[in-house]
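Chemist: In full-length UniProt numbering, the protein residues as written are 1 to 367. I'd like to ask some things about the structure below.
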């Protein structure tokens, strides 16, 4: 009887611990839901999708608000969002896969692989293209944007090659899509098929990102099932307007993919588990300028690596990939936590509030 009583007491203890654990998770979930609802109201975000990863396991997925204002369609875990420049992170992984195969090096000069490019571009290293420190003229500026919008990206590419360099190589950070056009041409040169097929076959399919693979690399032209519409909020008129974007093939190493928060969470787990590349340090270490400093978008995103932004800070350092001022995925390597936030509002800037969400999953997180 004593033995049975001891076993019963142990079972009660285990059950109590389990109840406390799951209660804690549900409380956190409720707190996070409340925070997100408030953020959406403050920032006029129509729809949002969330995924949280802890210790390489997805512990929360949730859809909030509406994917389509016109028809009042709710966001679900299967809603597909345009991820815009988050695409660059996948391009970075594709490059690193070629590096690990010995096909290229991040230190290679572009003239080695594409000798037909202007001579002034030849000394630029591949890592400079990825980190926006190349000094190249910008293909997405002024007249060249007009050419692309009118459906003539080849003319824009031809014209931009006649322009002078903006700055010396690797002397400053300056966000620039021209480098990613070149990266696409390098990848195309060494893979079977196209860089789109290479990313699909060597990243999306192995990770089980089926909705991402089916949705493809262009936002507007194809009909994509369960797709969220993109909006902009006009503060003066207090109304939403539609955003229409088209990504021609040449630009798709820089932008154009569509995905879900759950599948991006799976992707982050695959990277942490070294299933896609062996060495994520090469992927996530910020590229240093010639003066030894790093450069990025802001005081928060103060560095840039191989297609990924770097939050180089004393506490809770992180790497992130964002796009369209609407979506962010972030990984806190010291804490084994990752957060994915997708919205359908250009200007939502989830990178500005993702730390608030992470604080509920990282112990003693101080904002």
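Ideal placement from N, C-alpha and C gives every residue a C-beta, glycine not left out.
Which value, in whole angstroms, describes the spacing of the CA atoms of residue 21 and residue 291?
Modeler: Reading the chain shown from its first residue, position 21 is the one you call residue 21. Reading the chain shown from its first residue, position 291 is the one you call residue 291. Confidence at residue 21 is low in this model, with a pLDDT of 42, below 50, so its placement is unreliable and no value can be given for it.
Chemist: Look up residue 231 in the DSSP assignment and give the residues it is bridged to.
Modeler: In the chain shown, the residue the question calls residue 231 occupies position 231. For residue 231, which the question treats as bridged, DSSP gives the partners 242 and 345.
Chemist: Taking contact to mean 3 or more Cβ pairs, one atom from each stretch, closer than 8 angstroms, check whether the region 224-243 and the region 303-317 are in contact.
Modeler: no
Chemist: Could I get the ranges of all uninterrupted alpha helix (DSSP H) runs contained in the region 188-223, with 4 residues as the minimum, in chain order?
Modeler: 195-199 and 210-215
Chemist: Taking its Cβ as the centre, do 16 or more other Cβ atoms sit within 10 Å of residue 46, making it buried, or is it exposed?
Modeler: By 1-based counting over the chain shown, the position of residue 46 is 46. With 16 or more other Cβ atoms within 10 Å, it is buried.
Chemist: Taking 7 angstroms as the cut-off, decide whether the C-beta atoms of residue 358 and residue 324 are in contact.
Modeler: Along the chain shown, one-based indexing puts residue 358 at 358. Along the chain shown, one-based indexing puts residue 324 at 324. Not closer than 7 angstroms, so no.
Chemist: Does the Cβ of residue 286 have 16 or more other Cβ atoms within 10 Å, making it buried, or fewer, making it exposed?
Modeler: Taking the first residue of the chain shown as position 1, residue 286 is located at position 286. Buried: at least 16 other Cβ atoms inside 10 Å.
Chemist: In the DSSP assignment, what are the bridge partners of residue 82?
Modeler: For this step, residue 82 is matched to residue 82 along the chain shown. Under DSSP, the beta-bridge partners assigned to residue 82 are 258.
Chemist: Run through the region 280-346 for me and flag every whole alpha helix (DSSP H) of 4 or more residues, listed as ranges in chain order.
Modeler: The qualifying runs are 280-284.
Chemist: What separation, rounded to the nearest whole angstrom, lies between the Cα atoms of residue 25 and residue 253?
Modeler: Counting from one through the chain shown, the residue named residue 25 turns up at place 25. Counting from one through the chain shown, the residue named residue 253 turns up at place 253. Note that residue 25 has pLDDT 46, beneath the 50 cutoff, so the model's placement of it is unreliable and the number below is only indicative. If you take the alpha carbons of residue 25 and residue 253, they lie about 38 angstroms apart.
Chemist: Rounded C-beta distance between residue 53 and residue 319? I'm assuming under 8 angstroms.
Modeler: One-based indexing of the chain shown puts residue 53 at position 53. One-based indexing of the chain shown puts residue 319 at position 319. Not quite, the Cβ-Cβ distance comes to about 13 angstroms (not below 8 angstroms), so this is no contact.
Chemist: Buried or exposed: which applies to residue 38, given that a residue is buried once 16 or more other Cβ atoms fall within 10 Å of its Cβ?
Modeler: Locating residue 38 in the chain shown gives position 38, counting from the first residue. Exposed is the call here.
Chemist: For residue 75, which three-state DSSP category applies?
Modeler: Taking the chain shown and counting its residues from 1, one reaches residue 75 at position 75. It is coil, neither helix nor strand.
Chemist: What would DSSP say about residue 125, mapped onto helix, strand or coil?
Modeler: Taking the first residue of the chain shown as position 1, residue 125 is located at position 125. Strand.
Chemist: Return the CA-CA distance between residue 276 and residue 94, expressed in angstroms with no decimal places.
Modeler: Against the chain shown, residue 276 aligns to sequence position 276. Against the chain shown, residue 94 aligns to sequence position 94. Computed Cα separation, rounded: 9 angstroms.
Chemist: So for residue 356, helix, strand or coil by DSSP?
Modeler: Reading the chain shown from its first residue, position 356 is the one you call residue 356. Residue 356 falls in the helix class under three-state DSSP.
Chemist: Contact defined as beta carbons within less than 8 angstroms: I believe residue 48 pairs with residue 341. What is the distance between those atoms, to the nearest angstrom?
Modeler: In the chain shown, counting from the first residue as 1, residue 48 sits at position 48. In the chain shown, counting from the first residue as 1, residue 341 sits at position 341. Indeed, because the Cβ distance is near 7 angstroms, the residues count as touching under 8 angstroms.
Chemist: Can you give the Cα-Cα distance for residue 315 and residue 55, rounded to whole angstroms?
Modeler: In the chain shown, the residue the question calls residue 315 occupies position 315. In the chain shown, the residue the question calls residue 55 occupies position 55. If you take the alpha carbons of residue 315 and residue 55, they lie about 19 angstroms apart.
Chemist: Where does residue 268 land, buried or exposed, given buried means 16+ other C-beta within 10 angstroms?
Modeler: Translated into positions along the chain shown, residue 268 becomes position 268. Buried.
Chemist: So, are the CB atoms of residue 106 and residue 126 less than 7 angstroms apart?
Modeler: As a first step, residue 106 is located in the chain shown; it is residue number 106 there, counting from the start. As a first step, residue 126 is located in the chain shown; it is residue number 126 there, counting from the start. Result yes, Cβ atoms of residue 106 and residue 126 sit closer than 7 angstroms.
Chemist: Counting along the chain, where does the alpha helix (DSSP H) carrying residue 97 start and finish?
Modeler: Your numbering for residue 97 matches position 97 in the chain shown. In the DSSP annotation of this structure, the continuous segment of the alpha helix (DSSP H) that includes residue 97 starts and ends at 87-100.
Chemist: Which one of 207, 43 and 62 has the shortest CA to CA distance from residue 32?
Modeler: The count along the chain shown starts at 1 and reaches residue 32 at position 32. Answer by Cα proximity: 62.
Chemist: Quick check on DSSP: helix, strand or coil for residue 236?
Modeler: To locate residue 236, count along the chain shown from 1; it is residue 236. Looking at residue 236 - three-state DSSP - the assignment turns out to be coil, as it is neither helix nor strand.
Chemist: What residue range is occupied by the uninterrupted beta strand (DSSP E) comprising residue 54?
Modeler: Translated into the one-based positions of the chain shown, residue 54 becomes position 54. Taken as a continuous stretch (DSSP letters only), the beta strand (DSSP E) holding residue 54 covers 47-54.
Chemist: Can you tell me the Cα-Cα spacing of residue 36 and residue 363, whole angstroms?
Modeler: Here residue 36 corresponds to residue number 36 of the chain shown, with the count starting at 1. Here residue 363 corresponds to residue number 363 of the chain shown, with the count starting at 1. Between residue 36 and residue 363, the C-alpha separation is close to 19 angstroms.
Chemist: Excluding sequence positions up to five away, which residues of its chain have a Cβ less than 6 angstroms from the Cβ of residue 186?
Modeler: For this step, residue 186 is matched to residue 186 along the chain shown. So the qualifying residues of the chain are 113.
Chemist: With DSSP collapsed to three states, give me the class of residue 366.
Modeler: By 1-based counting over the chain shown, the position of residue 366 is 366. If DSSP states are grouped into helix, strand and coil, residue 366 belongs with coil.
Chemist: Between the alpha carbons of residue 297 and residue 282, how many angstroms are there, rounded?
Modeler: Start at 1 with the first residue of the chain shown, and residue 297 comes out as number 297. Start at 1 with the first residue of the chain shown, and residue 282 comes out as number 282. Residue 297 and residue 282: Cα-Cα distance of roughly 20 angstroms.
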